[in-house]
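*Asks:*
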Amino acid sequence: CPRRSLATTSRPGRAPLCPAPPRCPRPCPASSSPADGITVVTWNVGTAMPPNDVTSLLHLNTGETNDVDMIAIGLQEVNSKINKRLKDALFTDQWSELFMDVLSPFHFILVSTVRMQGVILLVFAKYYHLPFLQDVQTDCTRTGLGGYWGNKGGVSVRLSIFGHMVCFLNCHLPAHLEKAEQRKEDFATILHMQQFEGPVANGILDHDLVFWFGDLNFRIESLDICFVKYAIDSNVLSQLWEKDQLNIAKSTWPVLRGFQEGPLNFPPTFKFDVGTNKYDSSAKKRKPAWTDRILWKIKPPSKGLGAGGHQPSQGVLSVSQLCYCSHMEYTVSDHKPVAAIFAVQFASKVDKPLVEIYVADEWSRPEQAVVRYKMAVGFHRSSWDWIGLYRVGFRHPKDYVSHVWARSDDGVSGLQVMFSEEALPKGNGEYILGYYSNTSSSIAGVTEPFQISLPRSEEGSSSTDSSGSSSEEDDSTLVLLAPKSRSPSPGKMKRHRSRSPSLAKFQGLILRPSSRDRGTSRSPSPQSRRSLPRDIPTIHLPQEELGHHGVKGKDMGQAAKSPEGSSFYETVQEQGGPWRVSADSPLARADPRNLGLLPALRLEMIDQALGWRRESADQGYYPCQRMSPTSSLGCGTSPKEGHSP
3 CPRRSLATTS RPGRAPLCPA PPRCPRPCPA SSSPADGITV VTWNVGTAMP
53 PNDVTSLLHL NTGETNDVDM IAIGLQEVNS KINKRLKDAL FTDQWSELFM
103 DVLSPFHFIL VSTVRMQGVI LLVFAKYYHL PFLQDVQTDC TRTGLGGYWG
153 NKGGVSVRLS IFGHMVCFLN CHLPAHLEKA EQRKEDFATI LHMQQFEGPV
203 ANGILDHDLV FWFGDLNFRI ESLDICFVKY AIDSNVLSQL WEKDQLNIAK
253 STWPVLRGFQ EGPLNFPPTF KFDVGTNKYD SSAKKRKPAW TDRILWKIKP
303 PSKGLGAGGH QPSQGVLSVS QLCYCSHMEY TVSDHKPVAA IFAVQFASKV
353 DKPLVEIYVA DEWSRPEQAV VRYKMAVGFH RSSWDWIGLY RVGFRHPKDY
403 VSHVWARSDD GVSGLQVMFS EEALPKGNGE YILGYYSNTS SSIAGVTEPF
453 QISLPRSEEG SSSTDSSGSS SEEDDSTLVL LAPKSRSPSP GKMKRHRSRS
503 PSLAKFQGLI LRPSSRDRGT SRSPSPQSRR SLPRDIPTIH LPQEELGHHG
553 VKGKDMGQAA KSPEGSSFYE TVQEQGGPWR VSADSPLARA DPRNLGLLPA
603 LRLEMIDQAL GWRRESADQG YYPCQRMSPT SSLGCGTSPK EGHSP
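If you count the sequence shown from 1, you need to add 2 to reach my numbering.
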């Protein structure tokens with residue numbers, strides 16, 4: 003009996019399908035829609051390295067986590083020196099890695115992330131909510147140095163949660179007591195500049211619910227440092243509230259109208275001596291302040307008639323703050339992190355996924371790896387959609403074990419795909435299938451966890467069989483991937499694939515092949531290639547056998563062809579000397595993790611690549627150009643026969 007995809011809907015005449023714990027922590031839906039738990043965390047990390055443990059910060063060591071469905075984490079002043087930025091452009095930064103590692107065992111998946119220099123925002127959700135998180139978009143606004151520098155400003159992630167538009171906004175505003183007006187102007191600029199695509203919620207304040215948090219840098223006015231420290235030591239924090247600049251601004255600044263915040267029942271979170279819980283003891287002796295804040299705003303009901311001429315319902319959603327606290331146990335920064343837990347009650351929910359996936363309870367034989375799925379009417383599918391096979395505890399939508407491209411038939415029901423035997427993991431384990439929509443950049447359907455039990459002995463034979471005659475050469479190659487390159491299928495890249503998502507704001511190392519459209523070729527002639535030193539390594543772009551999916555449009559990029567019909571060669575300077583680059587025909591099978599850039603790069607020593615040419619040349623023959631280890635040679639043509647090399 004095939005399993006139905008994970009959803010809150012039920013089949014006619016049957017009770018709502020809900021996975022049994024502990025395999026899936028999702029509670030069974032009740033007659034009335036339960037509140038959804040959202041945790042928001044903000045922390046100015048002061049360029050520090052991540053601590054060893056953040057479980058208490060995320061409230062993972064309490065029962066509260068069982069009721070939390072989403073977690074938004076805003077960081078400020080992450081180390082963004084040039085050497086760190088270059089490393090983070092190629093690999094995921096250490097803070098994001100830490101949070102993914104900690105949250106994945108609790109079934110939290112990274113939904114989206116955005117970074118602007120040292121300001122980072124990460125949004126996580128339980129995996130079974132992913133089909134109901136759609137229209138994910140990000141934006142950022144620089145306000146430092148008059149808008150030219152990103153050390154100050156705001157980053158945002160907006161998305162539709164069960165059909166309701168929600169925006170998370172992480173800001174780092176100007177510092178110092180006298181800059182209150184500048185903070186107001188910068189916040190207004192962020193609200194004005196950030197615009198999203200789509201028919202609804204184009205601006206931040208157009209969303210049904212906005213969470214605004216970060217190092218907002220508001221200070222305590224009028225009171226001197228001695229009285230502030232006395233109020234803190236005496237635990238009479240209420241005497242400081244009326245002098246807090248943000249509390250004053252909420253009642254006087256129109257731009258803050260409607261924003262709410264819980265009581266500040268925790269000590270000011272700035273400024274501490276690093277490594278201690280003592281307030282600033284340096285010569286500056288900065289006054290303690292609540293610089294790190296978390297606020298929210300609910301969009302007021304629209305006036306007049308709504309869609310269909312009906313009066314819009316009052317109270318589309320409600321928000322209750324369950325917790326608002328700082329965490330004094332973290333001392334790596336001069337700021338203390340702040341966390342808040344909210345219970346969000348939606349008046350209505352979209353409870354049917356866009357794609358429903360059906361799969362057997364267990365795959366014990368390769369022929370059982372059949373996936374059937376059905377798309378909802380109106381679902382905007384793409385030829386780049388794919389179905390990923392995830393191990394339970396995966397970290398983000400591209401952290402899959404294997405994938406298969408979704409079919410793009412005209413029909414929307416009864417579609418079926420099958421995983422190849424080589425793509426299936428060996429051994430025993432629990433897995434999940436997810437349909438990734440390239441149009442919405444999100445998972446549109448998931449299944450319950452199911453079992454895969456395949457003999458491990460098949461792994462060696464499959465690997466040997468798949469390598470074929472090129473196994474000797476493939477064993478000596480090294481595969482390099484640009485962060486968004488079109489790599490071969492995951493099965494061939496298992497040892498080298500990144501388990502971290504590509505960050506859209508960063509560009510990795512790009513080696514672009516030449517194109518005939520440019521009019522000039524930078525590839526050396528065959529004679530000059532033969533004269534290259536033997537110890538110069540080669541970057542070789544392999545030609546993959548075209549799969550049954552074919553080339554999916556011009557966006558795959560067209561590899562350059564030489565006049566002889568083979569590939570152009572470029573010389574690239576790379577530390578120890580030039581590298582020879584060859585660009586082959588477009589790859590038929592791309593890795594969905596890295597859509598949009600280059601083919602994979604394959605390195606081999608030039609004496610391996612050209613050794614056979616020298617042997618042929620000594621015998622009076624001109625060797626043909628070999629495009630990849632898998633391409634046919636077609637060599638042995640003598641110039642005496644009248645053919646050009």
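Idealized CB from N, CA, C, for every residue including glycine.
Mapping the DSSP letters down to three states, classify residue 191 as helix, strand or coil.
*Replies:* Of the three classes helix, strand and coil, the one that applies to residue 191 here is helix, per DSSP.
*Asks:* Give me whichever residues DSSP pairs with residue 127 in a beta bridge.
*Replies:* In DSSP, residue 127 forms a bridge with 72, 111.
*Asks:* Taking all protein chains shown into account, decide if residue 188 is buried (16 or more other Cβ within 10 angstroms of its Cβ) or exposed.
*Replies:* Looking at its Cβ environment, which holds 16 or more other Cβ atoms inside 10 Å, residue 188 is buried.
*Asks:* Would you decide whether residue 2 is buried or exposed? Buried here means 16 or more other CB atoms lie within 10 Å of its CB.
*Replies:* Lying before the first or after the last residue shown, residue 2 is absent from the chain, which here runs from 3 to 647.
*Asks:* Look at the alpha carbon of residue 98 and the alpha carbon of residue 124, and state the distance between them as a whole number of angstroms.
*Replies:* Their backbone Cα atoms lie some 8 Å apart in a straight line.
*Asks:* Would you say residue 140 touches the ligand COA, meaning its beta carbon is less than 7 Å from a heavy atom?
*Replies:* The ligand COA is not among the ligands present in this structure, which contains no ligands whatsoever.
*Asks:* Counting C-beta neighbours from all protein chains within 10 Å, is the total for residue 228 16 or more, i.e. buried, or is it exposed?
*Replies:* The residue in question, residue 228, is exposed, as its Cβ has fewer than 16 Cβ neighbours within 10 Å.
*Asks:* Span of the beta strand (DSSP E) holding residue 430?
*Replies:* Per DSSP, residue 430 belongs to the beta strand (DSSP E) from 429 to 439.
*Asks:* Once DSSP output is grouped into helix, strand and coil, what is the label at residue 255?
*Replies:* Looking at residue 255 - three-state DSSP - the assignment turns out to be coil, as it is neither helix nor strand.
*Asks:* What is the residue span of the beta strand (DSSP E) that residue 40 lies within?
*Replies:* From DSSP, the beta strand (DSSP E) with residue 40 extends over 38 to 46.
*Asks:* Using CA coordinates, which residue listed in 121, 96, 132, 119 is at the minimum distance from residue 112?
*Replies:* Checking every option, the nearest Cα to that of residue 112 belongs to 132.
*Asks:* Are the beta-carbon atoms of residue 118 and residue 155 separated by less than 8 Å?
*Replies:* Contact: yes.
*Asks:* Can you tell which of 209, 78, 351, 252 has the C-alpha that lies nearest to the C-alpha of residue 335?
*Replies:* With distances taken between Cα atoms, residue 335 lies closest to 78.
*Asks:* Bridge partners of residue 392, per DSSP?
*Replies:* Answer by DSSP bridge pairing, in chain order: 434.
*Asks:* Closest to residue 70 by C-alpha separation, out of 184, 92, 129, would be which residue?
*Replies:* It is 129 whose Cα lies nearest to the Cα of residue 70.
*Asks:* What's the call for residue 197, buried or exposed, on a 16-neighbour Cβ count within 10 Å?
*Replies:* So residue 197 ends up on the exposed side.
*Asks:* Closest to residue 419 by CA distance: which of 248, 137, 359, 200 is it?
*Replies:* Residue 419 has its Cα closest to that of 359, out of 248, 137, 359, 200.
*Asks:* Buried or exposed: residue 325, going by 16 or more other Cβ atoms within 10 Å of its Cβ?
*Replies:* That one is exposed.
*Asks:* If the criterion is Cβ atoms closer than 8 Å, does the pair residue 447 and residue 437 meet it?
*Replies:* Yes, the pair counts as a contact, with Cβ atoms nearer than the cut-off.
*Asks:* Could you tell me the alpha carbon to alpha carbon distance between residue 402 and residue 417, rounded to whole angstroms?
*Replies:* Cα to Cα, the separation comes out at about 21 Å.
*Asks:* Could you please give the first and the last residue of the uninterrupted beta strand (DSSP E) stretch that includes residue 104?
*Replies:* Looking at the DSSP string, residue 104 is not in any beta strand (DSSP E); the run it does join, the alpha helix (DSSP H), is 96 to 105.
*Asks:* Any idea what DSSP makes of residue 299, helix, strand or coil?
*Replies:* Here residue 299 sits in strand by DSSP.
*Asks:* Using DSSP with H/G/I as helix, E/B as strand and the rest coil, what is residue 170?
*Replies:* Strand, per DSSP.
*Asks:* Can you find the residues in the same chain that come closer than 7 Å, C-beta to C-beta, to residue 222, ignoring five residues on each side of it along the sequence?
*Replies:* So the list reads 230, 242, 245, 246, 289, 291, once near-sequence residues are dropped.
*Asks:* Excluding the 5 residues flanking residue 195 on each side, which residues of the same chain have their C-beta closer than 7 Å to its C-beta?
*Replies:* The answer, listed in chain order, is 143.
*Asks:* Within 10 angstroms of the Cβ of residue 457, are there 16 or more other Cβ atoms? Answer buried if so, exposed if not.
*Replies:* The residue in question, residue 457, is exposed, as its Cβ has fewer than 16 Cβ neighbours within 10 Å.
*Asks:* By the three-class DSSP mapping on this structure, what secondary structure does residue 149 have?
*Replies:* Residue state, collapsed to three classes: helix.
*Asks:* So if DSSP puts residue 120 in a beta bridge, which residue, or which two residues, is it bridged to?
*Replies:* In the DSSP output, where bridge partners are listed per residue, residue 120 has none listed.
*Asks:* Nearest to residue 442 by CA position, among 160, 63, 428, is which residue?
*Replies:* The option with the nearest alpha carbon to residue 442 is 160.
*Asks:* For residue 355, does the count of other Cβ atoms within 10 angstroms reach 16, so buried, or fall short, so exposed?
*Replies:* Under this definition residue 355 is a buried residue.
*Asks:* Which partner residues of residue 365 appear in the DSSP bridge assignment?
*Replies:* For residue 365, which the question treats as bridged, DSSP gives the partners 454.
*Asks:* Among residues of its own chain, excluding the 5 on either side of residue 106, which ones have a beta-carbon nearer than 6 Å to its beta-carbon?
*Replies:* Excluding residues within five positions, the ones whose Cβ falls inside 6 Å are 395, 397.
*Asks:* Determine the closest residue to residue 286 out of 362, 185, 178, 300, with distance taken between C-alpha atoms.
*Replies:* Taking only the C-alpha atoms, the option nearest residue 286 is 178.
*Asks:* Could you tell me the boundaries of the beta strand (DSSP E) in which residue 210 lies?
*Replies:* Premise fails: residue 210 is in no beta strand (DSSP E) and is neither H nor E.
*Asks:* Pick from 407, 451, 391: whose alpha carbon is nearest that of residue 427?
*Replies:* Nearest option by C-alpha distance: 391.
*Asks:* In the DSSP assignment, find the unbroken beta strand (DSSP E) run with residue 319 in it and report its ends.
*Replies:* Segment 319 to 328, the beta strand (DSSP E) holding residue 319.
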